[in-house]
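> In this text, residue positions in the sequence shown follow my numbering: the first is 315, and each later residue adds one.
Where a beta carbon is used, it is the ideal one built from N, C-alpha and C, also for glycine.
Following this message is one structure expressed as structure tokens.
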Amino acid sequence: MSGRTCLTIVLAAGEGTRMRSLRPKVLHMVAGRSLLGHVLSALKMPENTAIAVVVGPEHDDVSADARANFADSQLFVQKERRGTAHAVLAAKAAIEQGADDIVVVFGDTPLIRPQTLEKLRGAIADGAAVAVLGFKPADPTGYGRLVTQGMELIAIVEHADATEQERAIALCNGGLMAFDGRKALKILERIGNANRKGEFYLTDAVKIARDMKLRAVALEVTEDEVTGINTKAQLAATEATMQQRLRQAALEAGVTFVAPDTVYLAADTKLSKDVTVEPYVVFGPGVTVEEGATIRSFSHLAGAHVGKNAIVGPYARLRPGARLEENVQIGNFVEVKEALIEAGAKANHLSYIGDARVGAGANIGAGTITCNYDGAAKHRTNIGKAAFIGSNSSLVAPVKIGEGAYVGSGSVITTDVPAGALALGRGRQTVKEGWAKRLRELKSLVRKKV
Ligand code: UD1
Ligand code: MG
315 MSGRTCLTIV LAAGEGTRMR SLRPKVLHMV AGRSLLGHVL SALKMPENTA
365 IAVVVGPEHD DVSADARANF ADSQLFVQKE RRGTAHAVLA AKAAIEQGAD
415 DIVVVFGDTP LIRPQTLEKL RGAIADGAAV AVLGFKPADP TGYGRLVTQG
465 MELIAIVEHA DATEQERAIA LCNGGLMAFD GRKALKILER IGNANRKGEF
515 YLTDAVKIAR DMKLRAVALE VTEDEVTGIN TKAQLAATEA TMQQRLRQAA
565 LEAGVTFVAP DTVYLAADTK LSKDVTVEPY VVFGPGVTVE EGATIRSFSH
615 LAGAHVGKNA IVGPYARLRP GARLEENVQI GNFVEVKEAL IEAGAKANHL
665 SYIGDARVGA GANIGAGTIT CNYDGAAKHR TNIGKAAFIG SNSSLVAPVK
715 IGEGAYVGSG SVITTDVPAG ALALGRGRQT VKEGWAKRLR ELKSLVRKKV
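In structure tokens form, the structure reads like this:
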């Protein structure tokens, strides 16, 4: 929408009581991101865009989430919940700044796409004073009905206030609207609350605009884009739709999913081409996987970077701050947290590597643990290039293993090991010749006596 300025007002003051949760509705998560976060990312349009978020009183966490997802969000508090038009007017100061287009979106519609919002703005650029997104839900109960003549919108009638005849209208209000910025305030300030709920309905804007001899239009979209979430069941259904979208986008970008339906992605998961993901893998937020890497079954990754041609899993866990360089191998039942694993290093079995650096080409034997926590603070383990850590070793941090050093299996290492050295930190083995044989003979004597 070149050259036109835009203000988007996101209504996020909802209580969400039907979610049966202490958490504000818009902070529920889909694909690792809050509902509000999804809406705000759909709004990240080019310059000339301001975003106002209307929150309820005592919703500091909603404000914080808005800022985290869009740093320049202007925040407004709607002190009492008196309807959608009342909520929009909580952002009056932002409207008064005079954008060309004003778009109103609900904070609980995470499937909205940027191009749909652009279409709404297009209708305003083409001369409408009000543009509304319509859709045909399977069950229209509860939605406002769009009274139209062609695509010209005559009025929106809320379900509670609609006649039987009006309730038979299939086209419903998706809730997203755009206004001509120069006319918005004049329209909004005329909205009253003479209706069954005694609320200030944003939807009344349509009739008012027409009374002012202005144009109102409806644009039809598919149901999923405007699905508002009110219940946990709808949250789960939306998660499924979002996962489908994310998987489809990854497949189109050249990722191989052996069984796409079993892979769970986060909204910000970045998988390069020629990445292979085996069945049953979960990506939490903040994961990047570079070309040619393979994520094997039953692995869980969050906040991690996987370098080129690395192999992760099966059954691996990469936690935040895990950074794997190229050709690294992290195998079954290995957990990595806040650790740099340099090129070609391997930890293939049953290990915990936390707060560590593992040098290029190092080999971490089965069962190796970095003991990073002393009950009060975390400490670092630094393992040099090409070091060899024998199986079942405990590296008690802070500790440094020098380049190319060897640690004998079963060691508990508490002091630094110089480069090229061998460190052994375990009980010395004793062997008692004939001991087992004598034990067996003794036992058989006892049995005979009984
Ligand atoms: C609204 C529309 C209806 C449409 C439906 C689509 C109105 C009057 N009705 O109805 O035509 O079919 O959405 O889902 O607009 N909110 C506030 N403050 C308020 C009231 C609401 O911030 O005082 C926010 C809510 O948090 C929510 C949004 O506005 O995000 C919509 O409110 P909601 O009560 O869900 O409206 P509906 O009855 O669903
Ligand atoms: Mg609603």
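Mapping DSSP to helix, strand and coil, what is Glu640?
What you label residue 640 is simply residue 326 of the sequence shown in a count that begins at 1. Residue state, collapsed to three classes: coil.
> Please list the segments of the alpha helix (DSSP H) lying wholly inside the stretch 387-472, counting only runs of 4 or more residues, in order along the chain.
If we require 4 residues or more, the alpha helix (DSSP H) runs fully inside the stretch 387-472 come out as 398-403, 406-409 and 428-439.
> Would you call Gly489 buried or exposed, if buried means 16 or more other Cβ atoms sit within 10 Å of its Cβ?
If you number the sequence shown from 1, residue 489 lands on position 175. Classification for Gly489: buried.
> With C-beta atoms as the reference, is Lys651 less than 9 Å away from Arg633?
Taking the first residue of the sequence shown as 1, we reach residue 651 at position 337. Taking the first residue of the sequence shown as 1, we reach residue 633 at position 319. Yes, the pair counts as a contact, with Cβ atoms nearer than the cut-off.
> Below 8 Å on the Cβ atoms is my contact criterion, and I expect His352 with Pro424 to pass it. Report the Cβ-Cβ distance as a whole number of Å.
The residue you call residue 352 lines up with position 38 of the sequence shown. The residue you call residue 424 lines up with position 110 of the sequence shown. Indeed, because the Cβ distance is near 3 Å, the residues count as touching under 8 Å.
> Shortest alpha-carbon distance to Gly698 belongs to which of Leu709, Thr682 and Ala674?
In the sequence shown, residue 698 corresponds to position 384, counting from 1. Nearest of Leu709, Thr682 and Ala674 to Gly698, Cα basis: Ala674.
> In angstroms with no decimal places, state the Cα-to-Cα distance between His400 and Gly598.
In the sequence shown, the residue the question calls residue 400 occupies position 86. In the sequence shown, the residue the question calls residue 598 occupies position 284. The straight-line gap from Cα to Cα measures roughly 37 Å.
> So what does DSSP say about Ile501, is it helix, strand or coil?
Reading the sequence shown from its first residue, position 187 is the one you call residue 501. Looking at Ile501 - three-state DSSP - the assignment turns out to be helix.
> With DSSP run on the structure shown, which of helix, strand or coil describes Gly768?
For the chain, the structure presents residues 315 to 764; residue 768 sits outside this window and is missing.
> Pull up the CB-CB distance for Ala356 and Arg427, whole angstroms please, since I reckon it's below 8 Å.
Residue mapping note: residue 356 aligns to position 42 of the sequence shown, counting from 1. Residue mapping note: residue 427 aligns to position 113 of the sequence shown, counting from 1. About 6 Å separates the two Cβ atoms, so the contact holds.
> Use the C-beta contact count for Tyr457: other C-beta atoms within 10 angstroms, 16 or more gives buried, fewer gives exposed.
Position 143 of the sequence shown holds residue 457. Flag for Tyr457 reads buried.
> Give a yes or no on whether the C-beta atoms belonging to Ala530 and Arg524 are separated by under 9 Å.
As a working note, residue 530 is residue 216 in the sequence shown. As a working note, residue 524 is residue 210 in the sequence shown. For Ala530 and Arg524, yes; Cβs fall inside 9 Å.
> My output table needs one value for Met343: the three-state DSSP class, helix, strand or coil.
By one-based count along the sequence shown, residue 343 stands at place 29. Three-state result, Met343: strand.
> Note down the Cα distance separating Leu499 from Ala385, rounded to an integer number of angstroms.
Numbered from 1 along the sequence shown, position 185 holds the residue referred to as residue 499. Numbered from 1 along the sequence shown, position 71 holds the residue referred to as residue 385. Each residue's alpha carbon lies about 26 Å from the other.
> Can you check DSSP and say which residues form a bridge with Asp494?
Against the sequence shown, residue 494 aligns to sequence position 180. Its beta-bridge partners are Asp415.
> Under 9 Å between the Cβ atoms of Tyr515 and Glu472?
Locating residue 515 in the sequence shown gives position 201, where the first residue counts as 1. Locating residue 472 in the sequence shown gives position 158, where the first residue counts as 1. Against a cut-off of 9 Å, the Cβ pair of Glu472 and Tyr515 comes out as a contact.
> Do Gly436 and Val535 come within 9 Å of each other at the CB atom, strictly closer than that value?
What you label residue 535 is simply residue 221 of the sequence shown in a count that begins at 1. What you label residue 436 is simply residue 122 of the sequence shown in a count that begins at 1. Going by C-beta atoms, Val535 is not nearer than 9 Å to Gly436.
> For Ile273, which of helix, strand or coil comes out of DSSP?
The structure shown does not extend to residue 273, since the chain spans only 315 to 764, so no value can be given for it.
> Identify every residue that forms a DSSP beta bridge with Ile483.
By one-based count along the sequence shown, residue 483 stands at place 169. Looking at the DSSP assignment, Ile483 forms no beta bridge with any residue, so it has no partner.
> Kindly indicate which three-state DSSP category Arg671 falls into: helix, strand or coil?
Counting from 1 along the sequence shown, the entry for residue 671 is found at position 357. In the structure shown, Arg671 sits in a strand (DSSP, three-state: E or B).
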